[in-house]
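Encoded as structure tokens, the structure appears first; notes follow it.
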Amino acid sequence: MQKLLLLGDEAIAQAAIDAGLTGIFAYPGTPSTEITEYVQHSKQAAQKKIRAAWSANEKTAMEAALGVSYVGKRAMVCMKHVGLNVAADAFINAGMTGANGGLIVVSADDPSMHSSQNEQDSRFYGKFAMIPTLEPSNQQEAYDMVYYGYELSEKLGTPVLMRITTRLAHSRAAVARRPELPQNELRLPSDLKQFILLPAIARKRYKGLIAKQDIFIDEAVKSGFNKYLEGSDHSLGIIACGIAYNYLMENFQETEIPYPVLKITQYPVPRNLLERMVNECDQILVLEEGYPIIEELLRGFLMKCLKIKGRLDGTIQRDGELNPTKVAQALGMEVTPGAEIPSIVAGRPPSLCVGCSHRDAYNALNEALAEYSKGRVFSDIGCYTLGALAPFDAINTCVDMGASITMAKGAAEAGLVPAVAVIGDSTFTHSGITGLLDAVNDNTPITVIIADNATTGMTGGQTSSATGKIEAICRGVGVEEEHIRVIKPLKKHHEENVKVILDELNYHGVSVIIPRRECIQTLNKRMREKAKTTQSE
Amino acid sequence: MKKDIILGGVGGQGILSIAAIIGLAAVEAGLFLKQAEVHGMSQRGGDVQSNLRLSDKIIYSDLIPIGKADMIIAVEPMESLRYLPMLAPDGWLITNTQTFVNIPNYPDKDVLMAEIGKVKHHIAIDADKIAKDMGTLKSANMVVLGAASPFLDLSYELLEKAIGMLFGRKGENVVAVNLQAMNAGRDFALNALKS
Ligand SMILES: Cc1ncc(C[n+]2csc(CCOP(=O)(O)OP(=O)(O)O)c2C)c(N)n1
Ligand code: SF4
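Chains A and B supply the protein sequences, listed in that same order. Once you know that position 238 of the first sequence is 238 in our numbering, the rest is easy, because the numbers rise by one and skip nothing. Once you know that position 181 of the second sequence is 718 in our numbering, the rest is easy, because the numbers rise by one and skip nothing.
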């Protein structure tokens with residue numbers, strides 16, 4: 001078959017479609033978003049009636065995918081690394097229930113935090129849930145591993161975690177496809193109690209999961225993704241995990257690698273491979289993207305094993321993503337950078353688009369709060385987080401999706417009144433609703449601003465689960481009708497908007513203000529598409 | 538053959554179209570290709586870059602090693618300088634001279650041009666002006682691509698074909714405009730090389 005030029009994300013999506021996927025479930029998040037978008041735009045997926053709409057958050061996505069697996073069909077869930085925290089309850093317990101139809105959970109890590117609030121390593125979650133984890137080193141392997149992952153998942157009755165990182169997710173390369181597989185027929189689990197994690201059953205399932213660990217390790221030997229490559233010079237052995245393998249090979253384009261190399265792309269890691277390297281080599285260099293997981297495993301708690309080099313002894317910088325240069329330096333190879341960046345080159349941080357509704361909302365909020373001492377605006381994650389930067393300097397927190405409302409609540413309860421929460425529409429339905437319910441139940445004096453731009457702006461304008469539903473949700477949760485205020489964030493309404501915010505800041509209870517105006521980017525896109533369709537009519 | 542290219546610019550300036558065209562041409566030429574893109578956060582008026590690698594041998598890393606890039610292609614002059622440490626000593630810097638000023642501390646243009654002048658091999662081209670004179674300001678990025686084309690080691694016909702493939706959906710007119718823009722950039726660079 002003809003090769004396709006695909007992003008790592010797209011290779012995973014194409015593989016899932018080809019491998020008989022029934023449904024993909026996801027909440028957007030960089031660098032994972034393009035997996036689901038690819039399925040949404042694929043004609044082939046549409047013909048196969050593959051389900052691909054966005055979920056409200058990663059937990060609902062994970063659970064829905066588990067439902068697909070329950071009926072015996074193949075499912076995929078995708079999220080960015082921090083999304084796995086949100087889905088963690090479902091994810092860990094899915095390890096306990098096991099899978100029926102093939103279930104692959106893709107978690108995309110973002111070392112160096114190109115667009116994230118931390119650089120947590122999803123491989124930890126694989127170990128935590130005690131399930132097999134795949135970490136493809138390139139786009140082709142990502143494609144092949146989806147096929148393998150579904151086979152493994154069904155053969156051993158377990159969900160499989162696939163961990164990717166930004167550079168694989170967002171880099172394009174040629175990928176060869178495999179023959180398409182049909183979707184599975186509906187086939188419920190043979191034991192209809194398998195998914196009931198009542199203690200008595202859960203205890204049995206846990207014993208079963210423990211018993212499977214050796215089989216998982218065995219698979220990681222047999223599958224062929226982990227490779228031990230011989231080398232004649234045993235003064236050093238190199239362990240390269242996932243994409244780190246490419247950075248290693250990059251430094252040996254012209255010459256053979258003299259050292260033994262252990263390429264690890266499937267976990268749990270077979271002990272015998274590690275043992276062989278430890279016995280065979282004087283020193284070991286561990287290259288892994290993310291946390292020093294294998295390195296810690298090898299060093300052990302007492303860190304007495306002195307022959308290991310990696311992120312923990314400073315051979316490689318402890319934080320930040322790897323690259324071929326860092327690997328060359330770790331190997332003691334000479335690196336000659338080009339000219340220095342001239343000092344006149346200034347930073348160019350991202351900023352809110354010209355005409356963005358959040359600009360007007362922040363201008364109004366800042367003016368309304370001018371009378372009060374600073375430091376009372378709890379915000380959240382989205383384009384509106386850029387209100388943290390000049391010229392707005394409008395917010396004081398950004399922690400995790402939904403934390404604006406709940407942190408404002410805690411702060412208000414501890415005496416900071418008024419306290420303001422600023423949250424986006426998509427973030428509100430992702431994780432804000434339950435916090436608002438808490439505030440209503442406690443009648444906490446907070447002012448919640450739900451910035452409704454009718455889209456999930458930050459990640460590129462996906463549909464928002466909140467669209468058309470925000471007032472009804474707030475009413476349903478128990479916010480009083482007269483304290484649900486919709487305003488139009490435009491310069492010409494500035495004065496009245498300031499007044500609405502002031503009124504609600506003075507109200508001693510829960511109020512919700514909804515600045516509502518469509519994101520400029522999605523508006524423009526809609527207009528362009530409209531122009532195109534009217535042209536072709 | 539190996540070409541490691543850093544593409545730089547500001548979000549929304551169209552560096553990914555340049556990458557896509559070179560990429561299509563490279564695939565047509567039967568080369569291996571890797572292209573790391575930036576998505577997400579950095580697109581709101583922030584700096585964006587892409588690593589584009591072409592080779593007749595297998596390519597491992599998605600990222601270009603520091604000091605090994607054969608070219609920097611930039612659609613904005615200050616952005617062209619941001620990636621200097623990536624450029625090999627005999628590498629080429631091809632940049633648009635039209636500034637995109639969206640920060641208060643943007644450097645003085647003369648100082649900026651003097652810094653670009655210090656790079657041993659460089660082509661500085663006012664792509665916006667050339668595109669505007671042709672009535673197609675939006676294709677300034679194609680002018681920059683044209684200026685880079687003599688250094689790509691790809692046949693020019695393949696680049697033309699790639700423009701057809703990328704813009705074909707949008708109609709013949711769009712293809713023609715982009716071809717014209719690329720041509721103008723190429724002529725500029727070829728003249729600069731002569732003088
Ligand atoms: C748990 C988690 N999931 C996903 C993301 C990625 N993410 C950050 S902001 C955002 C969307 C925010 O949309 P919205 O609240 O509507 O605000 P907008 O960007 O449109 O202003 C997403 C999906 C994240 N940071 N954390
Ligand atoms: S993408 Fe939309 S929400 Fe984000 S900054 Fe631009 S206009 Fe605002």
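Ideal Cβ positions, reconstructed from N, Cα and C, are used throughout, including at glycine. Quick caveat: nothing in here was measured; it's all calculated off a predicted structure.
Residue i CB to nearest heavy atom of ligand 2 below 6 Å
i: Gly347/A; result: no
i: Cys519/A; result: yes
i: Leu352/A; result: yes
i: Cys383/A; result: yes
i: Cys356/A; result: yes
i: Gly224/A; result: no
i: Gly410/A; result: no
i: Gly549/A; result: The requested residue 549/A does not occur in the structure, where chain A is confined to residues 1 to 537.
8 Å Cβ cut-off: residues of chain A touching residue i
i: Glu565/B; result: What Glu565/B touches in chain A: nothing, since even the nearest Cβ is about 11 Å away.
i: Leu730/B; result: Residues of chain A passing the Cβ test: none, with the nearest at roughly 22 Å.
i: Gly560/B; result: Leu5, Arg172
i: Tyr643/B; result: Ala346
Nearest candidate by alpha-carbon position, reference residue i, set the options
i: Met608/B; options: Ser554/B, Ile595/B, Ser587/B; result: Ser587/B
i: Glu504/A; options: Phe428/A, Ala75/A, Val417/A, Lys530/A; result: Val417/A
i: Leu600/B; options: Val327/A, Met162/A, His483/A, Gly457/A; result: Val327/A
i: Gln117/A; options: Met333/A, Ile381/A, Leu274/A, Gly387/A; result: Ile381/A
i: Asp393/A; options: Met145/A, Ala361/A, Gly424/A; result: Ala361/A
i: Ala403/A; options: Gly387/A, Leu386/A, Phe428/A; result: Phe428/A
i: Leu168/A; options: Tyr143/A, Ser464/A, Pro258/A, Glu413/A; result: Tyr143/A
i: Asp541/B; options: Glu709/B, Val564/B, Tyr643/B, Gly604/B; result: Gly604/B
i: Met79/A; options: Met162/A, Ala16/A, Gly478/A; result: Met162/A
i: Arg475/A; options: Leu437/A, Ile446/A, Tyr507/A, Met458/A; result: Leu437/A
i: Asp690/B; options: Val711/B, Leu591/B, Ile543/B; result: Leu591/B
Residue burial classification, residue i (beta-carbon count within 10 angstroms, cutoff 16)
i: His41/A; result: exposed
i: Glu529/A; result: exposed
i: Phe301/A; result: exposed
i: Ser442/A; result: Note on residue identity: the sequence assigns Asp, not Ser, to residue 442/A. So Asp442/A counts as exposed.
i: Pro350/A; result: buried
i: Asn323/A; result: buried
i: Ile316/A; result: buried
i: Ser373/A; result: exposed
i: Thr385/A; result: buried
i: Lys594/B; result: exposed
Proximity test, residue i beta-carbon vs ligand 1 heavy atom, cut-off 6 Å
i: Asn453/A; result: yes
i: Ser426/A; result: yes
i: Met401/A; result: yes
i: Val575/B; result: no
i: Val648/B; result: no
i: Thr459/A; result: yes
i: Thr265/A; result: no
i: Thr456/A; result: yes
Contacts that residue i makes with chain B (C-beta to C-beta distance below 7 Å)
i: Val106/A; result: Those do not exist, as Val106/A stays about 16 Å from chain B at its closest Cβ, beyond 7 Å.
i: Tyr247/A; result: Ser598
i: Glu250/A; result: Tyr597, Ser598, Pro602
Neighbouring residues, chain A, relative to residue i (Cβ below 7 Å)
i: Ile603/B; result: Thr325, Val335, Pro337
i: Ile640/B; result: Ala346, Arg348
i: Arg706/B; result: Result: empty, since nearest Cβ-Cβ is about 10 Å, beyond 7 Å.
i: Ala573/B; result: Arg167, His170, Ser171
i: Leu696/B; result: Residues of chain A passing the Cβ test: none, with the nearest at roughly 16 Å.
i: Ala625/B; result: Gly338
i: Gly545/B; result: Ordered by position in chain A, no residue passes the 7 Å Cβ test against Gly545/B, which lies about 11 Å from the chain.
i: His658/B; result: Correct list: empty, because the minimum Cβ distance to chain A is about 12 Å.
Per-residue contacts from residue i into chain B (C-beta, under 9 Å)
i: Leu352/A; result: Arg581, Gly582
i: Ile341/A; result: Leu618, Arg619, Tyr620, Leu621, Pro622
i: Pro489/A; result: Correct list: empty, because the minimum Cβ distance to chain B is about 18 Å.
Under 8 Å from the C-beta of residue i: neighbouring residues of chain B
i: Thr265/A; result: Within 8 Å Cβ-Cβ: nothing; Thr265/A doesn't reach chain B, min ~14 Å.
i: Leu386/A; result: Arg581
**Report entry** the region 552-561 of chain B contacting the region 618-636 of chain B, beta-carbon criterion three pairs below 8 Å
**Finding:** no
Query raised in the report: Are there three or more Cβ pairs, one per stretch, closer than 8 Å when the region 219-239 of chain A is compared with the region 101-113 of chain A?
Result: no
Query raised in the report: Would the region 211-218 of chain A and the region 230-247 of chain A be scored as touching if the rule is three or more Cβ pairs under 8 Å?
Result: A contact is defined here as three or more CB-CB pairs under 8 Å, and the region 211-218 of chain A fails this definition with respect to the region 230-247 of chain A.
Query - Segment contact flag, the region 279-288 of chain A with the region 631-645 of chain B, C-beta cutoff 8 Å, min 3 pairs - result: no
Query raised in the report: For the 8 Å Cβ check, are there 3 or more pairs between the region 10-19 of chain A and the region 132-149 of chain A?
Result: yes
Query raised in the report: If we count Cβ pairs, one from each stretch, closer than 8 Å, do we get three or more for the region 41-52 of chain A versus the region 86-100 of chain A?
Result: no
Query raised in the report: On the three-pair Cβ rule with 8 Å, is the region 565-573 of chain B touching the region 514-534 of chain A?
Result: Verdict: no, contact absent.
Report task. Determine contact between the region 689-700 of chain B and the region 642-655 of chain B, defined as no fewer than three beta-carbon pairs at a distance below 8 Å. Result -> no
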